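What follows is a set of notes on a single structure, which appears directly below.
2 protein chains.
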Amino acid sequence: MLSKNEQKKIRLLGEKKYRSKLGLFIAEGIKIIQELIKEGYTFESIYSSKPIDFAPYKLIDKPTLNKVSYLTNCSGIMGVFKIPESSHSYKTDSFSLAVDSISDPGNLGTIIRLCDWFGIKNIYCSSDTVDCYNPKVIQSTMGSIARVKCHYIDLIPFLSKYESTVYGATLDGKTHYHNLYDKKGILVVGSESHGISTEVLKKIDQSVTITPKGLGTNAESLNVATATAILLSEIFRF
Amino acid sequence: MLSKNEQKKIRLLGEKKYRSKLGLFIAEGIKIIQELIKEGYTFESIYSSKPIDFAPYKLIDKPTLNKVSYLTNCSGIMGVFKIPESSHSYKTDSFSLAVDSISDPGNLGTIIRLCDWFGIKNIYCSSDTVDCYNPKVIQSTMGSIARVKCHYIDLIPFLSKYESTVYGATLDGKTHYHNLYDKKGILVVGSESHGISTEVLKKIDQSVTITPKGLGTNAESLNVATATAILLSEIFRF
């Protein structure tokens, strides 16, 4: 049985203000929970509908877990984890990513997973970007949230002081197939509906555009996560 | 006012069996509806909460539209469109895409949008792939469904008879950075959880893997839409 207090806490953790206040977030699914534990994240509780052997847990029947789950298909296991202290080691990566006003949790989660794949450890997010501890973001990172840190900052002063080249994904830059990239730098990608904001655009040293192929192409833009994928693959070309 | 019959029809069109039976699908959002009309799709009805000038419509108040909408944030405009007859012009593209058991509507929609960007006109989908007329697929294509056709077929005989090279996205193929691609061919991508199925794998001539960069990379895989993005960008390199 989940106590009323436990149910309430899980429900509150769907909202950013309570996640910040309580310093906790929800993760669902065995793989994500195992990755978080492996990477040193501490948890307050784990609720599982089946016995597990890698952590202490409380056995909860699946219909009850289903009721509090944030997923369409409840996975039968949920953890309440502590949000780690934000570190500010901004200059450790040779190449980083900045995201400006991404609002869709699935897009941010997919971008975090991509960064993990390409070895990017830090993402700099504009303050209005969706919270990385949102349950849907956590879900779509597939565990990569355990290894990639999101720093919520004001991008304008951050990029103004940035010491290497600032690249930006726009619709009127140089073709992404050119070998444009220095060894060090940061790529900025913008929101789903408006791209990079006007003020942030002023901080871009080099804009890059994914070239559509041939005639008869009518798509006006790409999904931000797929655009980021294409550009990161190009940046990390060897 | 939406009549009870209209409400019922919209509700039924959330299910594949009724879409097939009635030959209709739902599209929401002004951009998608305009693109469908521009590309010659015919509609049965358009319901809008505001006056529009590009098509005959029925004015419906927003709360009513909200009740029948398939979106989290109702856009205030919904169209009931006719599913076009499936054409079988399988060999018109120089490069095509095949998807094996993709189940997430957002992933298929994003892949359709990508294909539109890169000029791929036909996608060959295994019969168990999510229906391309699912309202969530339509939504995430952002209008590209109007220009890209999905053919639901048995991939095994199709790929067996395929005349050009069959490429497959796997976790143990050649690095995607090598220039592997012939001018003609087809790329096969697999399901979110299991990749390409064993039987379809036997039809692959050349498997390709997106190389993770450097050490410390722990993501086990990429989201299927982002992986498709990276591979298509490489295939259409010039």
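Listed in order, the protein sequences are those of chains C and V. Residues in the first sequence are numbered from 1378 upward in steps of one, following our numbering. Residues in the second sequence are numbered from 1378 upward in steps of one, following our numbering. Every residue, glycine too, gets a C-beta built ideally from N, C-alpha and C. None of these values were measured; they are calculated from a predicted model.
| Query | Result |
| --- | --- |
| 7 Å Cβ cut-off: residues of chain V touching P1512(C) | What P1512(C) touches in chain V: nothing, since even the nearest Cβ is about 15 Å away. |
| Residues of the segment 1542-1570 of chain C with Cβ closer than 7 Å to any Cβ of chain V, in chain order | Y1554 |
| C-beta contact flag for G1520(C) and I1409(C) at 7 Å | yes |
| As assigned by DSSP and simplified to three states, the class of D1481(V) | coil |
| Counterpart residues of I1500(V) in DSSP-defined beta bridges | L1474(V), C1527(V) |
| Cα-Cα separation, I1423(C) to R1396(C) | 17 Å |
| Per-residue contacts from S1596(V) into chain C (C-beta, under 7 Å) | What sits at residue 1596(V) in the sequence shown is Ala, not Ser. The answer, in chain order, is R1490, D1493, W1494, S1521. |
| C-alpha distance - E1412(V) paired with K1498(V), whole-angstrom precision | 15 Å |
| Environment of M1616(V) [buried if 16+ CB atoms lie within 10 Å] | Limits of chain V in this structure are 1378 at one end and 1615 at the other, which puts residue 1616(V) out of reach. |
| Proximity winner among T1449(C), G1453(C), L1448(C), F1431(C), relative to K1439(C) (alpha-carbon distances) | G1453(C) |
| Residue-level contact to chain V via CB, A1606(C), 7 Å cutoff | yes |
| Contact set for S1504(C): own chain, Cβ-Cβ below 8 Å, skip 5 residues either direction | Y1529, I1530, D1531 |
| Coil, strand or helix - K1551(V) by DSSP | strand |
| Where P1589(V) meets chain C, residues with beta-carbon distance less than 8 Å | W1494, F1495, G1496 |
| Own chain, CB closer than 7 Å to I1607(C), minus 5 neighbours either side, in chain order | H1553, I1587 |
| Enclosing alpha helix (DSSP H) for L1442(V) [first to last residue] | 1439-1445 |
| Cβ contact check for the segment 1484-1500 of chain V and the segment 1562-1579 of chain C: 3 or more pairs under 8 Å | no |
| DSSP state of A1404(V) mapped onto helix, strand, coil | strand |
| Chain C within 7 Å of R1614(V), Cβ atoms only | yes |
| Best match in E1462(V), V1476(V), F1458(V) for proximity to P1512(V) [C-alpha to C-alpha] | F1458(V) |
| Inter-residue Cα distance where the pair is E1392(V) and G1400(V) | 12 Å |
| Within chain V, partners of G1483(C) - CB distance below 8 Å | G1483 |
| Residue-chain proximity (L1599(C), chain V), Cβ-Cβ < 7 Å | yes |
| Span separating the alpha-carbon of I1414(V) from that of I1533(V) | 35 Å |
| Per-residue contacts from T1603(V) into chain C (C-beta, under 7 Å) | T1487, L1491, A1602, T1603, A1606 |
| Where S1473(V) meets chain C, residues with beta-carbon distance less than 7 Å | Under the 7 Å cutoff, chain C gives no residues; its nearest Cβ is about 13 Å from S1473(V). |
| Secondary structure, beta strand (DSSP E): runs of 3+ residues fully inside the segment 1563-1606 of chain C | 1583-1586 |
| Euclidean distance between Cα positions of Y1539(V) and K1398(C) | 58 Å |
| Reference F1371(C), options S1380(C), Y1558(C), M1455(C), closest by Cα | Absent from the model: residue 1371(C). The displayed extent of chain C is 1378 to 1615, so no value can be given. |
| Closer than 7 Å to chain C by CB, S1610(V) | yes |
| Buried or exposed by the 16-neighbour rule on C-beta atoms within 10 Å, applied to I1449(C) | Looking at the sequence shown, residue 1449(C) is not Ile but Thr. Exposed, by the Cβ-count rule. |
| The alpha helix (DSSP H) enclosing V1514(V), as first and last residue numbers | 1512-1518 |
| Sequence-distant residues of the same chain with beta carbon closer than 7 Å to L1483(C), five excluded per side | The sequence as given places Gly at residue 1483(C); Leu does not occur at that position. Around G1483(C): K1513, S1517. |
| Nearest-angstrom Cβ-Cβ length linking S1598(C) and D1549(C), presumed shorter than 8 Å | Wrong, their Cβ atoms sit about 12 Å apart, outside the cutoff. |
| Beta bridge counterpart(s) of M1455(V) as assigned by DSSP | E1405(V), Y1424(V) |
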